[in-house]
Amino acid sequence: AAVRRVLETDERVAAASVNLVTGLAAATLAAAPGSGDTAAVNESLAEIVSAKGFPATPRSQAARRSLAEAAEEAEARRREQVATASRNVSLAFGLSLVCCLGHLGHHLHHLGLHQFAHLPVLTA
């Protein structure tokens, strides 16, 4: 949405759309075709978007890469993020088990299981 707003603030752009899955943006120029150098306008818009913190290249250069490849790359990034999140959740679960095991001794005292409350595993 931020890229679309950046593109739409330029007077040369009539409309803009962004596909977050593929990472592509399209702009419809306000000027009539043939009234200016489209390649120069594309370069200028790419520089403006890049200056706002969003790496951009004109579509003519990026056209070599098919939409299917871009979608596959986005899916691979998503899978990597899911794998990282799964590892983080597993680590957090393991650490919470260790912490809970340490506090288990307190509850064993209340249950009258004093001999188990002071096991080396629980007092480490």
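Numbered continuously in this note's numbering, the sequence shown closes out at residue 510.
Note that CB positions come from ideal geometry on N, CA and C, so glycine has one too.
These figures come from a predicted structure and were not determined experimentally.
Below 6 angstroms CB to CB, which residues in the same chain sit around residue 447 once its five sequence neighbours on both sides are set aside? Reliability fails at residue 447, whose pLDDT of 49 lies under 50, so the model's placement of it is uncertain and no value is given.
Local conformation of residue 400 per DSSP, three classes: strand
Please tell me whether residue 503 and residue 488 are closer than 8 angstroms, where the distance is taken between their beta carbons. no
If you draw a straight line from the C-alpha of residue 466 to the C-alpha of residue 499, how long is it? 46 angstroms
Length at least 4, wholly inside the region 416 to 486: the alpha helix (DSSP H) runs in chain order: 424 to 437, 445 to 448
Got a sec? Which residues, its chain only, sit under 6 angstroms from residue 407 by beta carbon, not counting five neighbours each side? 460
Which of helix, strand or coil DSSP assigns to residue 388: helix
For residue 429, which residues from the same chain have a beta carbon less than 8 angstroms from its beta carbon, with the 5 sequence-adjacent residues on both sides left out? 444
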